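Here's the structure we're looking at; comments come further down.
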Amino acid sequence: MSYLIDLATKNLFRNKLRSFISILAIALSVALVVFVKGLVGAFIDNMYSLHIQYQAGDIKIIDQEYQKKERLLSLNYPVDGFNGGGIKAMEGELKRIKGIKRVIPRIKFGAAISTEDEMIRMMGWGVEASKELEFTNIKDKLVEGRMVRRGQREVVMGADLLKKIGLKVGDKTTILYQTSFASFKGSTFKIVGKIKSGLKLLDEELFYLPLDQAQKILEMPDMATDLLLETDNYRDLEGVLAKVEQLFKDKSADQRYSIIPWDKGYSMIGMLKVGEKIYNGIYIFLVILGAFVVINTMIMIVKERTKEVGMMTALGVKSKEILSMFIIEGIIMGMVGSFLGVIVGALITKLTAITGIIDYSKAMKGVSGNILMNPIIRPEVDLSNLLYAFILGVVVTAITAIIPARKAAKLDPTEALRSN
Amino acid sequence: MSRFKILLVTLLTSLVLLSNLAFAMTAEEIMNQVDEYHHLKSAKVESEMIITKGNRKLVKKMSSLIKGSKLGMTEFTNPRDRGSKFLKRGDDLWMFFPDAEDIVKISGHMLEQGMMGSDFSYKDMMESAKLTDLYDFKILGEKEYQGRSCYLIEGIKKEGKDASYYRRVDWVDKERYVPLKEELYAQSGRLLKIMETKKVDKIDGRWFATHQVIDNKLKRGTETEYRVNSIEFDADIPDNSFSLRNLRR
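Encoded structure:
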């Protein structure tokens, strides 16, 4: 066997340019796969994580009526606990379930600020500051000031929103809203922080205030509009989800509330998951493209060495060994090419990630704030991606080498010897 | 025919004709009378709004001062809204809230939205300009409504005027000159609101609707009632009642 490997290696050196081009083709395909997989992976992971942090939690609990008219931001269908017992008690019960790490309440409501010439509409999020800082990446996005504090009449706003209303950190502003009893009111808040996140939702559409203040001004004591649950592992919700559903059933609250896992009930996530599968197909296709060069090379090789093959067969070399020899040639090209490709791919990926070159900010300007996507995409360099690309390169090349190799193995020695 | 007979017939015919002319009011005249009764030159009003949303019922009580079509001040007196004040001066609306450190000024299209979750918009409340100034009216016919004989009158918004609705159809009580029913339309032809008068009282020589119900056709399951509990017409209200200082107090 080892003599075959020797032979194969020597054969590759016989036409250095041709071998080099084949290796280069594989290297480029594999590098491309590494890069694209890193890009897509980063993109999808980013969307999942933003979706979880700002929209869905790992699991979300809302009133079923609220869910039907979620866009209206109605305050008439809040989460007010089990049998009206309040969300604090509900949180206590939920935290006793193994697998639930944190319970994050939010009150979302419509509001407006009147400037000299227009009424700027926005959305208020009453939150528990410490939980938000831990659960979301908001801490990194605070470019000025600090997060709101419980018990204080303070708000944190996005940079673009502040620009719209013409105010800055340290200023006070009067915010208009409607309470849960349809009373139109205004309250004055101090702006204590500024956010710049690249997300339209955070920068332009919403402002944060302490949950207890929101509950006070909206007349919603111990209530929230959404209850988000953070679990130990968002990729494996089945067990925890079942326990939460059981708790709600025991408390006769399952008819009133919806318990929604992050990856079900949101059309965008479903589409992303299908996208992931499609991309896998694309990676394979990319490598096949590179492998075409190898097929072409191998066909040429076989044609050129027909006489040689004939001679070998005549000397007693078995057809299985001929087959192996050609396949090994293919595999060696595949391995070298894939190895180079992985290195080049990793380098390029790392470079684009560090420089943050891929920036969709301008393209996202018109997109709704409901699409949570970080416009600067930093592709990830993952060991599993590198391994995947390497193995893909070698396997595809080996398989594509089979066809010309079999042709060579099947050659009739007498015909082969006679050929030109 | 003898000359005498011809004279008699001519006299009788002209009498009939003349009498018809004398009793046939134009649409404008009818609406002028409506305005006379309805348009408040100045008044002090105690009223309440009852908003029904599904099975929730919310009551808002208000004290209002009105002077002409440019000045109006309303203060909410029910517990949940107590202390909230709204001041209208010309085209501007100023608002005072106990929980705000500053008064808020709003203008323009914000006024078209439902006040306090009701189906009366701020504009509806504050629109105390005369209907005849805002609309061109014509008589469509006569109809009965709630057992009372009414003129059916259509009004189209005058160009350049700032009225809340493009077209309105009023059932005006012939005897009392109070609209018993109103259909309010957008320029697209879409029916926006229906107002029905449930009670009419004679106060200080005028007939005035003291209980009205509005059905907002754009929102399902809601209904707003408006009741006037007391009203003093032609009250003497000094201008400085409508000052920003008074708003802040």
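Residue numbers (this note's numbering), protein chains in the order written: chain A, 6 to 425; chain B, 2 to 250.
For glycine and all other residues, C-beta sits at the position ideal for the given N, C-alpha and C.
As the structure is a computational prediction, the values presented were derived from the model and not from experiment.
| request: Express the C-alpha separation of Lys89 (chain B) and Leu22 (chain B) in angstroms, rounding to a whole number. | output: To locate residue 22 (chain B), count along the second sequence from 1; it is residue 21. To locate residue 89 (chain B), count along the second sequence from 1; it is residue 88. Here Leu22 (chain B) scores only 49 on pLDDT, less than 50, and its place in the model should not be relied on; the value that follows carries that caveat. Using only the alpha carbons, I get a separation of about 42 Å.
| query | Would a C-beta distance cut-off of 7 Å place Glu227 (chain B) and Met32 (chain B) closer than the cut-off? | reply | As a working note, residue 227 (chain B) is residue 226 in the second sequence. As a working note, residue 32 (chain B) is residue 31 in the second sequence. Reading off the sequence, residue 227 (chain B) comes out as Tyr, not Glu. Cβ atoms of Tyr227 (chain B) and Met32 (chain B): not closer than 7 Å.
| task | Please state whether DSSP places Pro99 (chain B) in a helix, a strand or coil. | result | In the second sequence, the residue the question calls residue 99 (chain B) occupies position 98. If DSSP states are grouped into helix, strand and coil, Pro99 (chain B) belongs with coil.
| message | Contact criterion: CB-CB distance below 7 Å. Does Glu102 (chain B) meet it with respect to chain A? | response | Position 101 of the second sequence holds residue 102 (chain B). Chain A, which has a Cβ nearer than 7 Å to the Cβ of Glu102 (chain B), makes this yes.
| request: Would you mind sorting Asp163 (chain B) into buried or exposed? The rule is 16 or more other CB atoms within 10 Å of its CB. | output: Numbered from 1 along the second sequence, position 162 holds the residue referred to as residue 163 (chain B). It counts as exposed.
| task | Give every residue of the same chain whose Cβ lies closer than 7 Å to the Cβ of Thr120 (chain A), excluding the five residues on either side of it in the sequence, and list them in chain order. | result | Residue 120 (chain A) sits at position 115 when you count from the first residue of the first sequence. Result list for Thr120 (chain A): Ile170 and Gly171, in chain order.
| message | Am I right that Asp208 (chain A) and Asp165 (chain A) are in contact with their C-beta atoms under 8 Å? What's the rounded C-beta distance? | response | Numbered from 1 along the first sequence, position 203 holds the residue referred to as residue 208 (chain A). Numbered from 1 along the first sequence, position 160 holds the residue referred to as residue 165 (chain A). Correct: roughly 4 Å between the Cβ atoms.
| task | In the DSSP assignment, find the alpha helix (DSSP H) that holds Ile26 (chain A) and state where it starts and stops. | result | By one-based count along the first sequence, residue 26 (chain A) stands at place 21. Here the alpha helix (DSSP H) through Ile26 (chain A) covers Lys21 to His56.
| field | Sequence-distant residues of its chain with Cβ nearer than 8 Å to Lys201 (chain A) (five each side left out) | value | For this step, residue 201 (chain A) is matched to residue 196 along the first sequence. For Lys201 (chain A), where only same-chain residues beyond five positions count, the Cβ hits under 8 Å are Lys146, Val148, Gly163, Ala164 and Asp208.
| query | Taking the Cβ atom as the reference point for each residue, do Gly55 (chain B) and Gly190 (chain B) lie within a distance shorter than 7 Å? | reply | The sequence position of residue 55 (chain B) within the second sequence is 54, counting from 1. The sequence position of residue 190 (chain B) within the second sequence is 189, counting from 1. Not in contact: Gly55 (chain B) and Gly190 (chain B) (Cβ atoms no closer than 7 Å).
| Can you name the start and end residues of the beta strand (DSSP E) that Gly55 (chain B) belongs to? | Within the second sequence, numbered from 1, the residue matching residue 55 (chain B) stands at position 54. Run containing Gly55 (chain B): none; DSSP gives neither H nor E here.
| task | Identify which residue in A:Lys370, A:Ile353 and A:Met369 has its Cα closest to the Cα of Ile362 (chain A). | result | As a first step, residue 362 (chain A) is located in the first sequence; it is residue number 357 there, counting from the start. It is A:Ile353.
| Own chain residues within Cβ distance below 6 Å of Pro99 (chain B), not counting five before or after | The residue labelled residue 99 (chain B) in the question sits at position 98 within the second sequence. Closer than 6 Å at the Cβ level, and outside the excluded window around Pro99 (chain B), lie Gly84.
| task | Compare the beta carbon distance of Val197 (chain A) and Glu159 (chain A) with 7 Å and say whether it is the shorter of the two. | result | Position 192 of the first sequence, counting from 1, holds the residue named residue 197 (chain A). Position 154 of the first sequence, counting from 1, holds the residue named residue 159 (chain A). Their beta carbons are under 7 Å apart, which means Val197 (chain A) touches Glu159 (chain A) by this criterion.
| query | Where does Gly244 (chain A) sit, in a helix, a strand or coil, going by DSSP? | reply | Walking along the first sequence from the start, residue 244 (chain A) turns up at place 239. Note: Gly244 (chain A) maps to helix in three-state DSSP.
| request: Give the DSSP-derived three-state secondary structure of Pro384 (chain A) in the structure shown. | output: Taking the first sequence and counting its residues from 1, the one referred to as residue 384 (chain A) is at position 379. Correct three-state label for Pro384 (chain A): coil.
| query | When the cut-off is 7 Å and only beta carbons count, does Ala187 (chain A) lie next to chain B? | reply | Sequence index remark: in the first sequence, residue 187 (chain A) carries index 182 (1-based). It does: the Cβ of Ala187 (chain A) has a partner Cβ on chain B nearer than 7 Å.
| query | Hey, is Phe87 (chain B)'s beta-carbon within less than 7 Å of any beta-carbon in chain A? | reply | In the second sequence, counting from the first residue as 1, residue 87 (chain B) sits at position 86. Cβ-Cβ to chain A under 7 Å: no for Phe87 (chain B).
| request: Return the CA-CA distance between Leu206 (chain A) and Met127 (chain A), expressed in angstroms with no decimal places. | output: Against the first sequence, residue 206 (chain A) aligns to sequence position 201. Against the first sequence, residue 127 (chain A) aligns to sequence position 122. Rounded to whole angstroms, Leu206 (chain A) to Met127 (chain A) spans 10 Å at the Cα level.
| message | On the criterion of 16 or more Cβ atoms from any shown chain inside 10 Å, does Pro266 (chain A) qualify as buried, or is it exposed? | response | Mapped onto the first sequence, residue 266 (chain A) falls at position 261. Burial call: buried.
| Coarse secondary structure for Ile363 (chain A), derived from DSSP in three states | The residue given as residue 363 (chain A) occupies position 358 in the first sequence. It is coil, neither helix nor strand.
| said: Can you give me the C-alpha to C-alpha distance between Met317 (chain A) and Ala36 (chain A), rounded to a whole angstrom? | reply: To locate residue 317 (chain A), count along the first sequence from 1; it is residue 312. To locate residue 36 (chain A), count along the first sequence from 1; it is residue 31. Straight-line Cα distance between these residues: approximately 37 Å.
| query | For Tyr429 (chain A), does the count of other Cβ atoms within 10 angstroms reach 16, so buried, or fall short, so exposed? | reply | Lying outside 6 to 425, the shown extent of chain A, residue 429 (chain A) is not represented and no answer is given.
| field | Closer than 7 Å at the beta carbon, the chain A residues around Met96 (chain B) | value | In the second sequence, counting from the first residue as 1, residue 96 (chain B) sits at position 95. The contacting residues are Gly191.
| Are the region 402-420 of chain A and the region 81-94 of chain A touching, with three or more C-beta to C-beta distances below 8 Å? | no
| Any idea what DSSP makes of Asp417 (chain A), helix, strand or coil? | Numbered from its first residue, the first sequence carries residue 417 (chain A) at position 412. Coil.
| request: Just tell me which of B:Lys159, B:Met74, B:Ile195 and B:Leu41 has its CA closest to the CA of Met253 (chain B). | output: Limits of chain B in this structure are 2 at one end and 250 at the other, which puts residue 253 (chain B) out of reach.
| field | Among A:Val292, A:Asp417, A:Leu277 and A:Leu234, nearest to Asn51 (chain A) - alpha-carbon criterion | value | On the first sequence, position 46 is the one that residue 51 (chain A) refers to. Nearest option by C-alpha distance: A:Leu277.
| said: Could you check whether the region 219-227 of chain A touches the region 61-68 of chain A, counting it as contact only if at least three pairs of C-beta atoms, one from each stretch, sit closer than 8 Å? | reply: no
| Per DSSP, Gly131 (chain A) is paired with what? | For this step, residue 131 (chain A) is matched to residue 126 along the first sequence. Answer is A:Ile112 and A:Leu214.
| task | Report the neighbours of Arg81 (chain B) on chain A: residues whose CB is nearer than 8 Å to its CB, in chain order. | result | Here residue 81 (chain B) refers to the residue found at position 80 when the second sequence is read from its first residue. The answer, in chain order, is Thr184, Phe186, Ser188 and Glu224.
| request: Could you tell me whether the Cβ of Ile215 (chain B) comes closer than 7 Å to any Cβ of chain A? | output: For the purposes of this step, residue 215 (chain B) is identified with residue 214 of the second sequence, where counting begins at 1. No, no contact with chain A.
| task | Under 8 Å by Cβ, that's how I've got Leu72 (chain B) and Phe243 (chain B) pegged, so tell me the actual separation to the nearest angstrom. | result | Working through the second sequence from its first residue, we reach residue 72 (chain B) at position 71. Working through the second sequence from its first residue, we reach residue 243 (chain B) at position 242. The pair is a contact, with the Cβ atoms about 4 Å apart (cut-off 8 Å).
| Helix or strand or just coil, what does DSSP make of Leu80 (chain A)? | In the first sequence, residue 80 (chain A) corresponds to position 75, counting from 1. Coil at Leu80 (chain A), not helix or strand.
| query | Does DSSP classify Gly97 (chain A) as helix, strand or coil? | reply | The sequence position of residue 97 (chain A) within the first sequence is 92, counting from 1. Gly97 (chain A) falls in the helix class under three-state DSSP.
| field | Three-way DSSP call (helix, strand, coil) for Ile92 (chain A) in this model | value | As a position in the first sequence, residue 92 (chain A) is number 87, starting the count at 1. Reduced to three states, the DSSP call for Ile92 (chain A) is helix.
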